[in-house]
Every structure is written in C-alpha cells, then in structure tokens.
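Per my numbering, the very first residue in the sequence shown carries number 8; after that it's consecutive.
Cβ atoms here follow ideal geometry from the backbone N, Cα and C, with glycine treated the same way.
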Amino acid sequence: MKKATPKSSPNNVSQHDYSNLGVLSHIESRFIPRIPTKGRLLLEILSDGLPHSTQELTLKLGSDPRSPRQTLTNDTYGYWHIINVAGKSKQGKYQLDPRHLSRLYGDDSWARAEAEITYLKRSEKGAWGGYVRHGSASDMVRKAEARKSQLTLSLEGGA
8 MKKATPKSSP NNVSQHDYSN LGVLSHIESR FIPRIPTKGR LLLEILSDGL
58 PHSTQELTLK LGSDPRSPRQ TLTNDTYGYW HIINVAGKSK QGKYQLDPRH
108 LSRLYGDDSW ARAEAEITYL KRSEKGAWGG YVRHGSASDM VRKAEARKSQ
158 LTLSLEGGA
C-alpha cells in the first residue's frame, strides 16, 4: 500500500484542522501541512502577514526554521511564496506573500506560480554550478594523479 503524500491526497488536513486556519481557510487543503508538523506551525505563524525574524521563528519553532521553510516553498505543499524582506541584512526576516492571504481570485495562484519559478531557477542554477564544478574537479583529479605518477617515477628513479 502506497503512503499518501500531500500531492496525492487532496484532503490531507482534517476538516477540524482546516476550519481552524482562519485567514488561510480559503487555501486548498492539499497545500496545508498536517498538525503537528513544524511546517504547519511555521505557516500558522506567517499567516499573520507580518515579517518574522529568523531568531523569532527559531524560538517559536524550537529549532532552525530553514527545513520547515524549505518544505513549504518546494513542491511538497505547492510552492508557498515566503519572502525574505530583510534585504541585504545577514539576519533573515520572513513574510508570507500577501497574495496568499488576500482571498482575491487568482492571487494565491499567482503567488504560487512566481514561487515555483523562483524555486526552479534556484534549482537550475545549483545544477549548473554542479555541472561546471564537475569539470573543474575532474581536471584537478587528473592533475593530482599526474603529480602522484611523477612522484612515483622520481622516487623509484632515485632509489
């Protein structure tokens, strides 16, 4: 028996949990993590529409918010658009895209579409970086093997 995932199970949130979402009650249930996950708690925290610092989120979640944030912003829960509004500051400050909260026709879908593109572009950039590094790493391995061969020849020749 295959385990149901959020993508394959449109009703992964119980009706009781779904009705307690308040400002997010208009969102399809397949995009809402189950209780008591940290992804769900993070979503509830961000659903006030205000910016929250990494430090604040860490205190409220009891751990680094990175993993729950990544879970929400990838395809698992339909690409929530969580914006780092801190700009160039080293301290992150995260806010849920207001379009997820607006209840206006199409706003949530637009926010998800933009978040998906951002996610996939970041993924593509990482993949290319790995591809480029692979060639460089291969060259480095060949050069190191050549140095080792030279060392072997010089040590055998000198002995």
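Taking 7 Å as the limit between beta carbons, can you name the residues of its chain near Thr-61, skipping five residues before and five after?
Pro-72, Gln-98, Gly-99
Kindly indicate which residue of Leu-111, His-107, Arg-110, Arg-41 has the alpha-carbon position closest to the one of Thr-78.
It is Arg-41.
Grab the span of the beta strand (DSSP E) containing Ile-90 for me, first residue to last.
89 to 91
At 4 residues or longer, what runs of the alpha helix (DSSP H) sit wholly inside the region 47 to 82?
61 to 68, 73 to 80
Going by DSSP, what residues sit across from Tyr-101 in a beta bridge?
His-59, Asn-91
How would you label Ala-122, buried or exposed, when you count the other beta carbons within 10 angstroms and need 16 or more for buried?
buried
Determine, using beta-carbon pairs with one atom in the region 79 to 99 and one in the region 114 to 134, whether at least three such pairs fall under 8 Å.
yes
Quick one: measure Cβ to Cβ for Leu-53 and Leu-103, integer angstroms, because I've assumed they're closer than 8 Å.
4 Å
Assuming Leu-68 and Leu-50 are in contact, meaning their beta carbons sit under 8 Å apart, how far apart are those beta carbons, in whole angstroms?
About 11 Å separates the two Cβ atoms, so there is no contact after all.
Can you give me the C-alpha to C-alpha distance between Glu-152 and Arg-129, rounded to a whole angstrom?
34 Å
Tell me the DSSP secondary structure of Ile-124 in three-state form.
helix
Helix, strand or coil for Glu-152 per DSSP?
helix
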